[in-house]
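Peer 1: With the first letter of the sequence shown counted as 1, position 333 gets the number 336 in my numbering; the numbers rise by one all the way through.
There's a structure below that I have some questions on.
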Amino acid sequence: MRSRMSRLGVLVLLASMLAVPARPAAAAPARYEAENATISQGVVESNHTGYSGTGFVNGDNLAGSYVQWTINAPTAGTATLALRYANGTTANRPSDIAVNGSVVAAARAFDPTGSWSTWATVTLTAQVNAGANTIRATSATAGGNPNWDYLDADVRSDDFTDYQAETATISQGVVESNHAGYTGSGFVNYDNVTGSYVEFSVSAAAAGAQSLTFRYANGTTTDRPMAITVNGVTVATGHSFPGTGAWTTWNEISVNAALNAGANAVRATATTADGGPNLDRLRVSGPGDTEKPTSPGQPTCSGISSNALTLDWPPSTDNIGVVAYDIYHQGQQIATATAPPYRLTGLNPNFSYQLSVFARDASGNVSLSSPEANCRTLPVPADDPPSQPGQPTVSGVQPTSATVTWGASTDDNGVRAYLVRDNATNAVLATVTGTPPATTASVPFECAHTYQVRVVARDTAGQLSTPSAPSASFTTGSCGTVPQSPTSVAGGWDVPWDISWAPDGSYALVTERDTFKVFKITPSGTKTQVGTVPNVQTTGGEGGLMGLDFSPTWNGTTDQEVFFMHTASEGNRVARMNFNGTALSGYAVVLQGIDKNRYHNGGRIRFGPDGYLYVTTGDAQESGNAPDLGSLNGKILRITRTGAAAPGNPFGTRVYSYGHRNPQGLAWDSAGRLWSSELGNSSRDELNLIQPGKNYGWPTCEGTCSTSGMTNPKYTWSVSEASPSGIAIVNNTIFMAALRGQRLWRIVLNGENVSTVNSYFNGTYGRLRAVEKVPGAGAIWFGSTNSDNNGDGSADTIRRSTIQ
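Structure below.
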């Protein structure tokens with residue numbers, strides 16, 4: 004039995020988040036034998052053992068042959084479809100799976116099973132209507148379908164929504180997981196005080212009375228009553244939550260209450276000094292509001308000044324009502340409006356803004372992006388620029404950093420920032436901001452390099468001062484794992500997004516985000532297009548053809564699998580194609596159900612040392628996705644080659660870690676630890692050590708915070724210094740490409756921590772995105788993406804740098 008101690012103070016642990024509906028299980032799947040289905044170009048046979056029913060369907064060996072089942076659904080909802088098959092060949096036999104005439108899984112893989120008498124099952128989910136539904140499996144290649152045995156259909160109705168207690172707002176309580184039997188990722192242990200509470204943000208598709216069912220455990224013999232309120236109105240006073248016999252024994256208590264359409268606050272408050280029971284979840288009868296608002300119309304700019312403009316747009320519609328509009332510049336949220344038009348202030352002068360608008364309803368559902376508006380603020384009327392800063396002095400010189408101090412500048416409207424520049428190259432080494440900004444800073448420097456630095460002041464109008472006098476010359480110390488001056492491998496790229504080396508290291512494949520092309524490139528720079536990935540769509544922002552990786556056992560013959568992540572019509576996908584060393588062929592969806600948006604699509608995929616595929620997914624500009632374990636967005640996923648949850652995942656699902664905004668790079672150190680770079684919003688970018696089941700904080704935290712249950716990054720940068728993308732590890736040193744920061748960051752690891760950080764090629768090659776270790780060599784390849792919608796339009800180059 005657990006001992007409970009009284010805690011002092013109020014601790015609000017987690018921001019309230021909307022859950023994704025969880026569906027109740029049907030009594031049992033309904034089985035539909037293939038031999039009783041509609042068969043086109045195929046026959047019923049029984050010459051291979053192990054089938055169910057009276058036989059199986061052997062389809063003709065040609066594209067277009069199919070089997071079509073008609074299933075009955077007691078209500079509209081989500082169906083889990085399990086297709087039992089045998090494939091006695093050595094090749095995949097992909098099939099297009101359609102529900103009521105719409106393809107829900109294009110070229111779904113049905114891999115070899117070893118023999119025609121060995122049967123396997125492939126499972127997928129799809130929405131079905133109440134009543135009769137057709138499920139058709141059509142062969143996608145000339146090899147035909149596999150042999151079909153049966154279809155099991157498990158229809159789950161949309162008649163309740165679950166909300167996990169650990170993702171609610173908690174006052175005087177903690178999230179724990181030390182007693183078995185809970186759902187989600189934990190439960191709430193109330194403090195033993197009167198007034199401790201858990202408050203759920205509940206959405207409802209329609210107004211009306213609904214049942215509220217609390218799942219709890221009470222390992223004492225004493226009742227722990229709670230008051231239940233809905234939107235501040237008490238619906239149950241001192242409702243009984245009696246003992247359950249043990250802390251691992253969970254019971255349910257229900258009350259009825261009237262909910263509003265849209266958002267509702269349901270609070271369960273302890274009414275005695277013993278506090279509440281352990282609370283696992285709240286189940287609400289009836290469907291939640293999951294309908295997204297429509298996309299806002301084309302925004303337009305007017306009333307433009309040097310630091311402000313008025314943004315207007317055709318409004319969105321929603322089944323319940325839009326409550327707010329989030330305004331973004333590129334992938335960074337800069338304002339929230341209740342309705343159009345909206346006056347944006349505090350803007351940078353003479354600056355091009357790429358503005359898009361997202362509608363949000365009271366339940367937290369976020370629309371897809373509006374079209375983008377490109378608006379430039381006016382230059383500031385001439386006034387006095389800042390005065391010249393005092394000559395900097397340098398102290399505490401280390402191999403990778405030093406402290407730089409200078410005399411303050413003055414300005415009639417205030418100094419906004421100081422730029423510490425390399426006197427020889429004029430590259431910005433550090434930007435110091437604040438009100439007013441400090442006049443001393445720890446600045447990263449290259450190892451074994453001689454410097455002079457100077458400082459430039461920038462005012463609120465964006466005007467620059469005369470540079471300070473240069474500092475005295477100083478030289479940093481030597482260190483290892485340093486990137487040397489790079490050489491060009493190949494140029495003429497159009498946004499090279501990712502690089503993956505063939506297992507034998509003889510060449511790499513490179514994806515182009517916006518052209519959807521894939522190229523083969525040798526170490527000597529020979530560049531050949533090997534194909535185009537089908538079904539890819541752009542988002543007008545950062546979606547398109549993104550990550551790729553070879554199967555770790557690829558050999559071009561018995562294993563030809565190469566995996567891609569890309570944006571498609573319905574969202575983001577992981578897909579598989581065959582590559583024989585010369586050309587790509589075939590196409591099969593591995594994983595769907597990952598939301599897309601203009602920005603925040605994630606996109607990196609890498610096979611880990613364990614042989615499973617790791618996938619980074621962004622929050623799709625809906626921050627509530629990140630902490631929601633029912634969503635595939637805002638996560639790092641760990642899956643098998645067929646898209647299933649990898650064995651040993653912390654929640655038994657595809658989710659490996661969560662609470663991510665827009666994770667990018669993936670790499671493993673020599674001890675097998677997984678590291679990932681992540682794009683922040685307006686303040687801090689992150690480097691995270693990824694561990695299974697951990698919550699990395701978004702949207703509660705951006706950068707380091709002290710909120711219980713959140714895992715802090717190992718290092719952070721300002722968004723102007725980083726905007727990180729790919730990472731590679733050489734000799735336990737991370738090399739991280741920076742987009743906005745336009746540099747390559749060098750991050751030396753010390754076990755699970757970061758030891759030293761400095762940067763190279765500051766501003767020399769522009770926006771850097773892809774970086775990958777060269778197999779069998781102490782070297783990296785890295786690529787620029789200056790030709791994208793945020794760059795200067797110049798053609799991109801992949802370069803090689805030796806690390807020594």
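We put the CB at the ideal spot given by N, CA and C, even for glycine.
Looking only at its chain, what residues have a beta carbon closer than 6 Å to the beta carbon of Tyr768, apart from the 5 residues adjacent to it on each side?
Peer 2: Translated into the one-based positions of the sequence shown, residue 768 becomes position 765. Cβ within range, chain order: Ser787.
Peer 1: On the DSSP letters alone, give me the boundaries of the beta strand (DSSP E) that Arg644 sits inside.
Peer 2: As a first step, residue 644 is located in the sequence shown; it is residue number 641 there, counting from the start. It is not in any beta strand (DSSP E) - Arg644 carries neither H nor E in the DSSP assignment.
Peer 1: DSSP on Asn793, reduced to helix/strand/coil?
Peer 2: Position 790 of the sequence shown, counted from the start, is the residue given in the question as residue 793. It is coil, neither helix nor strand.
Peer 1: Using the Cα positions of Asn75 and Pro32, report the straight-line distance between them to the nearest angstrom.
Peer 2: As a first step, residue 75 must be located in the sequence shown, where it is residue number 72. As a first step, residue 32 must be located in the sequence shown, where it is residue number 29. Going from the Cα of Asn75 to the Cα of Pro32 covers about 11 Å.
Peer 1: Which of the three DSSP states, helix, strand or coil, is assigned to Glu545?
Peer 2: In the sequence shown, residue 545 corresponds to position 542, counting from 1. DSSP places Glu545 in coil when its eight states are reduced to three.
Peer 1: Taking the continuous beta strand (DSSP E) assigned at Gly534, which residues delimit it?
Peer 2: Along the sequence shown, one-based indexing puts residue 534 at 531. Start and end: Lys530 to Thr535.
Peer 1: Taking 7 Å as the limit between beta carbons, can you name the residues of its chain near Ala649, skipping five residues before and five after?
Peer 2: Position 646 of the sequence shown, counted from the start, is the residue given in the question as residue 649. Same-chain partners within the cutoff: Tyr615, Arg641, Ile642 and Thr643.
Peer 1: Rounding to the nearest angstrom, what Cα-Cα distance links Thr197 and Ile256 in this structure?
Peer 2: Mapped onto the sequence shown, residue 197 falls at position 194. Mapped onto the sequence shown, residue 256 falls at position 253. If I take the Cα positions, the gap works out to 20 Å.
Peer 1: Please return the same chain residues whose Cβ sits closer than 6 Å to the Cβ of Gly495, not counting the five positions on each side in sequence.
Peer 2: Residue 495 sits at position 492 when you count from the first residue of the sequence shown. Ala798.
Peer 1: Identify the continuous beta strand (DSSP E) that holds Arg664 and give its terminal residues.
Peer 2: Taking the sequence shown and counting its residues from 1, one reaches residue 664 at position 661. Taken as a continuous stretch (DSSP letters only), Arg664 belongs to no beta strand (DSSP E), as it is neither H nor E.
Peer 1: If you drop the 5 nearest sequence neighbours on each side, which residues of the same chain put their C-beta closer than 8 Å to that of Thr348?
Peer 2: Position 345 of the sequence shown, counting from 1, holds the residue named residue 348. If we look at Thr348 and ignore the five residues flanking it on each side, its Cβ neighbours are Asn310 and Ala311.
Peer 1: Got a sec? Which residues, its chain only, sit under 7 Å from Val498 by beta carbon, not counting five neighbours each side?
Peer 2: Walking along the sequence shown from the start, residue 498 turns up at place 495. So the qualifying residues of the chain are Glu515, Arg516, Asp517, Thr788, Ser790, Asp791 and Asp799.
Peer 1: Beta carbon of Asn604, beta carbon of Gly546: below 7 Å?
Peer 2: Here residue 604 is taken as the residue at index 601 of the sequence shown, counted from 1. Here residue 546 is taken as the residue at index 543 of the sequence shown, counted from 1. Yes. Within cutoff.
Peer 1: Is the separation between the beta-carbon of Phe168 and that of Asp99 shorter than 7 Å?
Peer 2: The sequence position of residue 168 within the sequence shown is 165, counting from 1. The sequence position of residue 99 within the sequence shown is 96, counting from 1. Residue identity check: residue 168 is Ala in the sequence provided, not Phe. Not closer than 7 Å, so no.
Peer 1: Please state the DSSP three-state secondary structure of Ala365.
Peer 2: Here residue 365 corresponds to residue number 362 of the sequence shown, with the count starting at 1. Reduced to three states, the DSSP call for Ala365 is coil.
Peer 1: Looking only at its own chain, which residues have a Cβ that is under 8 Å from the Cβ of Phe339, when we skip the five neighbours before and after it?
Peer 2: For the purposes of this step, residue 339 is taken as the residue at position 336 of the sequence shown. Rather than Phe, the amino acid found at residue 339 in this sequence is Thr. The answer, listed in chain order, is Ala327, Tyr328, Asp329 and Ile330.
Peer 1: On the CB-based measure, 16 or more other CB atoms within 10 Å of its CB, does Cys378 come out buried or exposed?
Peer 2: The residue given as residue 378 occupies position 375 in the sequence shown. Buried, because 16 or more other Cβ atoms sit within 10 Å of the Cβ of Cys378.
Peer 1: Starting from Leu422, trace the beta strand (DSSP E) in both directions and tell me its first and last residue.
Peer 2: Counted from its first residue, the sequence shown places residue 422 at position 419. Taken as a continuous stretch (DSSP letters only), the beta strand (DSSP E) holding Leu422 covers Val418 to Asp425.
Peer 1: Take Pro447 as the anchor and find which of Ser120, Ile806, Gln71 and Ile750 has the nearest alpha-carbon.
Peer 2: As a first step, residue 447 must be located in the sequence shown, where it is residue number 444. Comparing Cα-Cα distances from Pro447 to each of Ser120, Ile806, Gln71 and Ile750, the minimum goes to Ile750.
Peer 1: Using a Cβ-Cβ cut-off of 6 Å (strictly less than) and excluding sequence neighbours within five positions of Asn368, which residues of its own chain qualify?
Peer 2: Residue 368 sits at position 365 when you count from the first residue of the sequence shown. Result list for Asn368: Lys295, in chain order.
Peer 1: By alpha-carbon positions, which one of Asn684, Pro716, Arg746 and Asp63 ends up nearest to Gln694?
Peer 2: Residue 694 sits at position 691 when you count from the first residue of the sequence shown. Closest by alpha carbon: Pro716.
Peer 1: Bridge partners of Ala578, per DSSP?
Peer 2: Translated into positions along the sequence shown, residue 578 becomes position 575. Phe567 and Val592.
Peer 1: Which same chain residues end up closer than 8 Å to Gly122 when comparing Cβ atoms and leaving out the 5 residues on each side of it in sequence?
Peer 2: Taking the first residue of the sequence shown as position 1, residue 122 is located at position 119. The sequence shown places Trp at residue 122, rather than the Gly named in the question. Contacts found: Gly53, Tyr54, Arg87, Tyr88, Ala89, Thr116 and Asp152.
Peer 1: In whole angstroms, what separates the C-alpha of Ile42 from that of Arg579?
Peer 2: Along the sequence shown, one-based indexing puts residue 42 at 39. Along the sequence shown, one-based indexing puts residue 579 at 576. Roughly 28 Å between the two C-alpha positions.
Peer 1: Does the segment 354-368 come within contact of the segment 385-392, defined as at least 3 CB pairs closer than 8 Å?
Peer 2: These segments do not touch.
Peer 1: Suppose the cutoff is 6 Å on Cβ atoms and the five residues either side in sequence are ignored; what does the same chain contact list for Val177 look like?
Peer 2: What you label residue 177 is simply residue 174 of the sequence shown in a count that begins at 1. Once the five neighbours on either side are set aside, the close Cβ partners of Val177 are Asn192.
Peer 1: Among all the DSSP beta bridges, which residues are the ones paired with Thr620?
Peer 2: Taking the sequence shown and counting its residues from 1, the one referred to as residue 620 is at position 617. Lys638.
Peer 1: Counting beta carbon pairs with one atom in the segment 456-472 and one in the segment 518-537, are three or more of them shorter than 8 Å?
Peer 2: Flag = no, the segment 518-537 and the segment 456-472 do not touch.
Peer 1: Can you tell which of Gly399, Tyr718, Pro382 and Ser412 has its C-alpha closest to the C-alpha of Gly393?
Peer 2: Taking the first residue of the sequence shown as 1, we reach residue 393 at position 390. Minimum Cα distance to Gly393 is reached at Ser412.
Peer 1: Rounded to a whole number of angstroms, what is the C-alpha to C-alpha distance between Ser305 and Thr463?
Peer 2: Stepping through the sequence shown from its first residue, residue 305 is reached at position 302. Stepping through the sequence shown from its first residue, residue 463 is reached at position 460. Each residue's Cα considered, the two are about 22 Å apart.
Peer 1: Please specify which runs of the beta strand (DSSP E), each continuous and at least 3 residues long, are wholly inside the segment 746-784, giving them in chain order.
Peer 2: Those beta strand (DSSP E) runs which fall completely within the segment 746-784 and span 3+ residues are 746-753, 756-763 and 771-776.
Peer 1: Kindly indicate which residue of Val577, Ala405, Pro374 and Pro666 has the alpha-carbon position closest to the one of Pro537.
Peer 2: Within the sequence shown, residue 537 is the residue found at index 534, counting from 1. Nearest C-alpha to Pro537: Val577.
Peer 1: Quick check on DSSP: helix, strand or coil for Ser370?
Peer 2: Counting from one through the sequence shown, the residue named residue 370 turns up at place 367. Three-state result, Ser370: coil.
Peer 1: So Gln540 packs on Thr570, CB below 8 Å; how close in whole Å?
Peer 2: Here the question's residue 540 lines up with position 537 in the sequence shown. Here the question's residue 570 lines up with position 567 in the sequence shown. Between Thr570 and Gln540 the Cβ distance is about 5 Å, and since that is below 8 Å, they are a contact.
Peer 1: What does Asp99 pair with, by DSSP beta-bridge criteria?
Peer 2: Within the sequence shown, the letter at position 96 stands for residue 99. DSSP output for Asp99 lists Thr141 as bridge partner(s).
Peer 1: Thinking C-alpha only, which one of Trp72, Asp165 and Tyr454 is nearest Leu432?
Peer 2: On the sequence shown, position 429 is the one that residue 432 refers to. Considering only alpha carbons, the answer is Tyr454.
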